[in-house]
Amino acid sequence: MSVDICVLGSGSGGNCTYIGTPKTRLLVDAGFSMKETARRLATIQVPLESIQAIVISHEHADHIHGVETLVKNLNIPVFIAPAAFEASRISRNKYPVEPIRAEECFTVGDIRVQPFAIPHDSVEPLAFCVVAEGIKTSIVTDLGYIPELVKQRVAGSHCLVFESNHDLEMLKVGPYPWFVKQRVMSRHGHLSNDTTAQFFAEDYDGQAVHVLLAHISQKNNHPEIVRMSMVQVFESRGLPPEKIQLTHQDEPAPLLRF
Ligand SMILES: [Zn+2]
Ligand SMILES: [Zn+2]
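749 is the number of the first residue of the sequence shown in my numbering; add one for each residue after it.
Here it is in structure tokens:
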């Protein structure tokens, strides 16, 4: 009895997380090509062909880029909100599409998934709590602020994957055009390091065994700034900073086994 969790990659260049039990193996988001997804899965000794389903958070390219090729070739279902599917321009092929909605739990094998709504500039954005073998993993990225509901949903997570997208100062002076900067900073954009740090300082229940900071911008953030700001928060609360890990765009984060 075990649960394996690996954030295979995270950021605006592609997102994909593997969650597996001895019975069930699924991906949350499919932002990489099939070849790249297979390569990253191979680093944790998981054959691509053993993946049984893909769950999609929203239709932005960094979350669905590889989904069509993957489901077509593997002949596996994709779980996606109907509006996100419509907006995704995934062709209506013969592979099975399973509609999902916020607050409607579903199961894939022995893994239970609870989708919940988040504020983001896509049509029906979702984040997920995934429960397998009694282990709760929450994957929360691509949101402009942290509503009360999100705080409630992630409570009691053993593994918490949480966005820390940008450093506000770096974003302001960074290379993005002004309208993109405004979008990122808006209430339907992405979480800044400060907003995420505030959540961990004031609202986080301190229970997770692993906290993975995710969707870290390569242009408007720096891994060490993310780490430092979170380590400060953990130390000020007397929580062990070793629990903090960063996810990466170009390589998988370490495999976590419960
Ligand atoms: Zn994204
Ligand atoms: Zn997005």
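Ideal Cβ positions, reconstructed from N, Cα and C, are used throughout, including at glycine.
Neighbour-count burial assignment, residue i, 16 or more Cβ in a 10 Å radius
i, result
"threonine 791", "exposed"
"arginine 901", "buried"
"phenylalanine 982", "buried"
"phenylalanine 927", "exposed"
"valine 957", "exposed"
"serine 984", "exposed"
"serine 750", "exposed"
"proline 847", "exposed"
"arginine 840", "exposed"
"glycine 768", "buried"
"valine 921", "exposed"
"proline 873", "buried"
"lysine 884", "buried"
"proline 1000", "buried"
"serine 798", "exposed"
"cysteine 853", "exposed"
"glycine 954", "exposed"
"threonine 855", "exposed"
"aspartate 998", "exposed"
"glutamate 851", "exposed"
"arginine 1005", "exposed"
"alanine 809", "exposed"
"methionine 978", "buried"
"asparagine 821", "exposed"
"proline 925", "exposed"
Near ligand 1: residue i beta-carbon under 7 Å from a heavy atom
i, result
"serine 965", "no"
"histidine 811", "yes"
"serine 781", "no"
"serine 912", "no"
"serine 940", "no"
"isoleucine 821", "Going by the sequence as given, residue 821 is asparagine instead of isoleucine. False, no ligand heavy atom lies under 7 Å from that Cβ."
"serine 934", "no"
"serine 760", "yes"
"asparagine 841", "no"
"asparagine 763", "yes"
Residue i, DSSP secondary structure in three states
i, result
"glutamate 852", "coil"
"lysine 783", "helix"
"arginine 1005", "strand"
"glutamate 834", "helix"
"glutamine 955", "coil"
"serine 984", "helix"
"glycine 919", "The residue asked about is misnamed: residue 919 is leucine in this sequence, not glycine. DSSP places leucine 919 in helix when its eight states are reduced to three."
"serine 940", "strand"
"glutamate 990", "helix"
"glutamate 950", "helix"
"arginine 1009", "Residue 1009 lies beyond the range of the chain shown here (749 to 1006); nothing can be said about it."
"threonine 930", "The sequence given here has glutamine at residue 930, not threonine. In the structure shown, glutamine 930 sits in a helix (DSSP, three-state: H, G or I)."
"arginine 860", "strand"
"glutamate 999", "coil"
"proline 971", "helix"
"valine 755", "strand"
### Query
Listed by chain order, which residues have C-beta atoms less than 5 Å from any heavy atom of ligand 2?
His808, Asp890
### Query
Which ranges does the beta strand (DSSP E) cover as unbroken runs of at least 3 residues, wholly within the region 864-915, from first to last along the chain?
874-880, 883-888, 907-911
### Query
Could you give the uninterrupted runs of the alpha helix (DSSP H) lying entirely in the region 760-832, keeping only those of 4 residues or more?
782-790, 809-812, 815-822
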